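Each step along the sequence shown adds one to the number in this note's numbering, with nothing skipped, and position 145 is 129. Glycine included, every Cβ here is placed at the ideal spot set by N, Cα and C. Owing to the predicted nature of the structure, the values given are computational and were not obtained by experimental measurement. Notes follow the structure.
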Amino acid sequence: MTKRNKKRSNLVQNIFIGLLFVVGLLVLLYPTISDTWNHYRNQSLISNYEQTLSKLAPEDYSKLWQEAREYNDKHVVNVFSDTFNDEDYELTHPYDQLLNPTGDNIMGYIDVPKLGQKLAIGHGTGAYILERGVGHVEGTSLPIGGPSTHAVLAGHRGLPSAKIFSDMDQIIIGDKFFLYILDDVLAYEIDQIEIVLPDEADLLQIEKGKDYVTLLTCTPYGVNSHRMLVRGHRIPYEPEDIIEQRNERRINDRDKPILFAVAGLILLFLIIVIMKIIASKKRRKKEEEIKNAEIEKMKKTADDAVKQAEKAVEAAEEAQEAALQAQTSDRKDSIDQAVIDAEIAAKKAKIARDNTKKIVQEEDRSKRTIDYLFEEDKRKEE
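Following this line, the structure appears as structure tokens:
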């Protein structure tokens, strides 16, 4: 392999390893980046919601509350299908206009301090709503509180693009969550956590005099064959409860993805290093085989040269001997010249043989040098 081809091969290999590293990095960081983007998007929705509320007059609030209470008063039974398998779901009217001050179907937002999640609550459970936050299950009470109400809020688990309710299995009885609806904050304390089949809705029904909100999500994580129901009952709102709940967090939703990403990067780095070592050893082995083959070829050529030189010496010696025997003839001048020529030929042959031996010795020294360099490279790699 020529030096230019070797450089080109190394360049291609380095580009491949670089691309592999970038792709692996993007795959590892995608959940974190996507969740960060979703968090930013939810914060934007919440910020827009609060800005809109700040511009409402008292009579606007009164009208929105009154319409929502009238809806709940007429709504005495929760009726709905499986939230996560209704692909043909569409919002109905006038439901889509209730608690909709911003006009973008955001009725408020939920804060679950233990999960570090603050998510916009949208009307209904369409794909657009559930892919970015929490959806109010149409057919259940609106989440405005009050006796004989039971609102159901649904959110996905295990989405690659957003966490939403992914860590809901970390919630325990006694934890709290908070609903920010219009100009009020509603606090709920979790009193029941159940796992049911998708078509089991008995636990989501309205109970006379009770003020419930249930958080609905899929389970087990990644399998989604059942539904997790996390129910909370209404309690007085105390602002310090939010701080207390955040201080008790068992999950660090920001550090955990970063730790996974760092671990993944370390693993990816180790894989790349191992690949480089294997490729380097293969390359060195191939180079060593090529060099050894060249050395053997040179040695064989030199051996052949030695043999030819030895034959020339033998021929010259025979010629010299023949000339000496011919000295008894009458052609003395010619014989004398033949002897001289034979002696010269013999000397030249001996010189050729000596030079050839020197070449062989030089080749042996070169081979020993090459072996030494290879051993040094191996020691450095180890």
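Rounded Cβ spacing between threonine 67 and leucine 200 (contact assumed at less than 8 Å): Counting from one through the sequence shown, the residue named residue 67 turns up at place 83. Counting from one through the sequence shown, the residue named residue 200 turns up at place 216. So it is a contact: roughly 6 Å between Cβ atoms.
Ranges of the beta strand (DSSP E) found wholly within the region 35 to 120, counting only runs of at least 3: Listed in chain order, the complete beta strand (DSSP E) runs (minimum 3 residues) inside the region 35 to 120 are 90 to 96, 101 to 107 and 118 to 120.
Give a yes or no on whether the C-beta atoms belonging to aspartate 88 and phenylalanine 162 are separated by under 8 Å. The residue given as residue 88 occupies position 104 in the sequence shown. The residue given as residue 162 occupies position 178 in the sequence shown. For aspartate 88 and phenylalanine 162, no; Cβs fall outside 8 Å.
Which listed residue (Asn276, Lys341, Tyr221 and Cys202) has its alpha carbon closest to that of valine 214: Here residue 214 is taken as the residue at index 230 of the sequence shown, counted from 1. When the alpha-carbon of valine 214 is set against those of Asn276, Lys341, Tyr221 and Cys202, the nearest one is in Cys202.
By a C-beta neighbour count over all protein chains shown, 10 Å radius and 16 as the cutoff for buried, is valine 63 buried or exposed? On the sequence shown, position 79 is the one that residue 63 refers to. By the neighbour-count definition (other C-beta atoms within 10 Å, threshold 16), valine 63 is an exposed residue.
Determine whether the beta carbon atoms of glutamate 191 and histidine 134 lie at a separation below 8 Å. Against the sequence shown, residue 191 aligns to sequence position 207. Against the sequence shown, residue 134 aligns to sequence position 150. The criterion of a C-beta distance shorter than 8 Å is satisfied by glutamate 191 and histidine 134.
May I ask you to verify whether the region 39 to 50 touches the region 101 to 118, counting CB pairs closer than 8 Å and requiring at least 3? Contact between the region 39 to 50 and the region 101 to 118 is absent, because fewer than three Cβ pairs lie under 8 Å.
Residues in its own chain within less than 8 Å of threonine 198 by CB, not counting five upstream and five downstream? Indexing the sequence shown from 1 puts residue 198 at position 214. Excluding positions up to five away in sequence, the list reads His134, Ala135, Val136, Leu137, Leu187, Leu188, Leu213, Val214, Arg215 and Gly216.
So isoleucine 30 packs on lysine 102, CB below 8 Å; how close in whole Å? Taking the sequence shown and counting its residues from 1, one reaches residue 30 at position 46. Taking the sequence shown and counting its residues from 1, one reaches residue 102 at position 118. About 7 Å; that satisfies the 8 Å criterion.
Pop quiz: arginine 53 and isoleucine 128 are said to be a contact at Cβ under 8 Å. What is the actual Cβ separation, rounded to whole angstroms? Locating residue 53 in the sequence shown gives position 69, where the first residue counts as 1. Locating residue 128 in the sequence shown gives position 144, where the first residue counts as 1. Indeed, because the Cβ distance is near 7 Å, the residues count as touching under 8 Å.
Quick one: measure Cβ to Cβ for leucine 99 and histidine 140, integer angstroms, because I've assumed they're closer than 8 Å. The residue given as residue 99 occupies position 115 in the sequence shown. The residue given as residue 140 occupies position 156 in the sequence shown. Wrong, their Cβ atoms sit about 14 Å apart, outside the cutoff.
Exposure of proline 97, with buried meaning 16 or more beta-carbon neighbours within 10 Å: For the purposes of this step, residue 97 is taken as residue 113 along the sequence shown, with counting starting at 1. Here proline 97 is buried, its C-beta having at least 16 other C-beta atoms within 10 Å.
Looking at C-alpha atoms only, which residue of Leu181, Phe149 and Ala111 is the closest neighbour of aspartate 72? For the purposes of this step, residue 72 is identified with residue 88 of the sequence shown, where counting begins at 1. When C-alpha distances from aspartate 72 are compared across Leu181, Phe149 and Ala111, the shortest belongs to Ala111.
Backbone CA spacing between asparagine 32 and aspartate 57 [nearest angstrom]: To locate residue 32, count along the sequence shown from 1; it is residue 48. To locate residue 57, count along the sequence shown from 1; it is residue 73. Whole-angstrom Cα-Cα distance: 29 Å.
What is the rounded straight-line gap between the Cα of glycine 130 and the Cα of leucine 83? On the sequence shown, position 146 is the one that residue 130 refers to. On the sequence shown, position 99 is the one that residue 83 refers to. Answer to the nearest angstrom: the Cα atoms are 15 Å apart.
How far does the beta strand (DSSP E) with phenylalanine 149 in it extend, from its first residue to its last? Looking up residue 149 in the sequence shown gives position 165. Counting along the chain, phenylalanine 149 falls outside any beta strand (DSSP E), and DSSP gives it neither H nor E.
Classify alanine 185 as helix, strand or coil using the three-state DSSP reduction. As a position in the sequence shown, residue 185 is number 201, starting the count at 1. In the three-state reduction of the DSSP assignment, alanine 185 falls in the coil class, being assigned neither a helical nor a strand state.
Compare the Cα-Cα distances from proline 223 to each of Ser125, Gln154, Lys160 and Asp338 and report the closest residue. The residue you call residue 223 lines up with position 239 of the sequence shown. The shortest Cα separation from proline 223 among Ser125, Gln154, Lys160 and Asp338 belongs to Lys160.
What residue does the beta strand (DSSP E) around glycine 216 start on, and which one ends it? Taking the sequence shown and counting its residues from 1, one reaches residue 216 at position 232. Counting along the chain, the beta strand (DSSP E) containing glycine 216 begins and ends at 210 to 219.
How about alanine 171 and proline 220: are their beta carbons less than 8 Å apart? Taking the first residue of the sequence shown as 1, we reach residue 171 at position 187. Taking the first residue of the sequence shown as 1, we reach residue 220 at position 236. The criterion of a C-beta distance shorter than 8 Å is satisfied by alanine 171 and proline 220.
DSSP state of isoleucine -1 mapped onto helix, strand, coil: As a first step, residue -1 is located in the sequence shown; it is residue number 15 there, counting from the start. Helix, per DSSP.
Let's test the definition: count the other Cβ atoms within 10 Å of the Cβ of alanine 287 and tell me whether it reaches 16, buried, or not, exposed. Translated into the one-based positions of the sequence shown, residue 287 becomes position 303. Looking at the sequence shown, residue 287 is not alanine but aspartate. Counting the other CB atoms within 10 Å of its CB gives aspartate 287 a total below 16, which places it among the exposed residues.
Per-residue burial, alanine 41 [other beta carbons within 10 Å of its own, 16 or more giving buried]: Taking the first residue of the sequence shown as position 1, residue 41 is located at position 57. Classification for alanine 41: exposed.
Quick check: the Cα distance between asparagine 236 and glutamate 271, rounded to an integer number of angstroms? Translated into positions along the sequence shown, residue 236 becomes position 252. Translated into positions along the sequence shown, residue 271 becomes position 287. Because asparagine 236 sits at a pLDDT of 48, beneath the cut-off of 50, its placement in the model cannot be relied upon, and the following sentence gives the value as read from the coordinates. Near 52 Å, if we compare the C-alpha coordinates of glutamate 271 and asparagine 236.
Beta-ladder partner(s) of phenylalanine 253, from DSSP: The sequence position of residue 253 within the sequence shown is 269, counting from 1. Under DSSP, no beta-bridge partner is assigned to phenylalanine 253.
Residue nearest to arginine 25 in terms of C-alpha spacing, selected from Ile(-1), Pro78, Lys342 and Ile90: Mapped onto the sequence shown, residue 25 falls at position 41. Closest by alpha carbon: Ile90.
Is the beta carbon of isoleucine 157 closer than 8 Å to that of aspartate 183? Indexing the sequence shown from 1 puts residue 183 at position 199. Indexing the sequence shown from 1 puts residue 157 at position 173. Pairing aspartate 183 with isoleucine 157 gives a Cβ-Cβ distance that is not under 8 Å.
Rounded straight-line distance, which links the Cα of leucine 37 to that of isoleucine 179: The sequence position of residue 179 within the sequence shown is 195, counting from 1. The sequence position of residue 37 within the sequence shown is 53, counting from 1. Straight-line Cα distance between these residues: approximately 37 Å.
To the nearest angstrom, how far is the alpha carbon of phenylalanine 149 from that of lysine 260? Residue numbering aside, residue 149 sits at position 165 when the sequence shown is read from its first letter. Residue numbering aside, residue 260 sits at position 276 when the sequence shown is read from its first letter. Computed Cα separation, rounded: 41 Å.
Can you tell which of Tyr79, Pro85 and Glu301 has the C-alpha that lies nearest to the C-alpha of aspartate 167? Translated into positions along the sequence shown, residue 167 becomes position 183. Comparing alpha-carbon positions, the option among Tyr79, Pro85 and Glu301 lying closest to aspartate 167 turns out to be Pro85.
According to DSSP, what are the bridge partners of valine 197? Along the sequence shown, one-based indexing puts residue 197 at 213. Answer is Ala135 and Gly216.
Pair within 8 Å by beta-carbon distance, histidine 107 and aspartate 80: Your numbering for residue 107 matches position 123 in the sequence shown. Your numbering for residue 80 matches position 96 in the sequence shown. In this structure, aspartate 80 lies closer than 8 Å to histidine 107 by Cβ.
If tyrosine 55 sits next to leucine 126, beta carbons under 8 Å apart, how far is it from one beta carbon to the other, in whole angstroms? Taking the sequence shown and counting its residues from 1, one reaches residue 55 at position 71. Taking the sequence shown and counting its residues from 1, one reaches residue 126 at position 142. Confirmed, about 6 Å.
Considering only C-alpha positions, which residue in the set Asn69, Ser209, Gln345 and Gln27 is nearest to lysine 368? Residue numbering for the chain in the displayed model covers -15 to 366; residue 368 lies beyond these limits and cannot be assessed.
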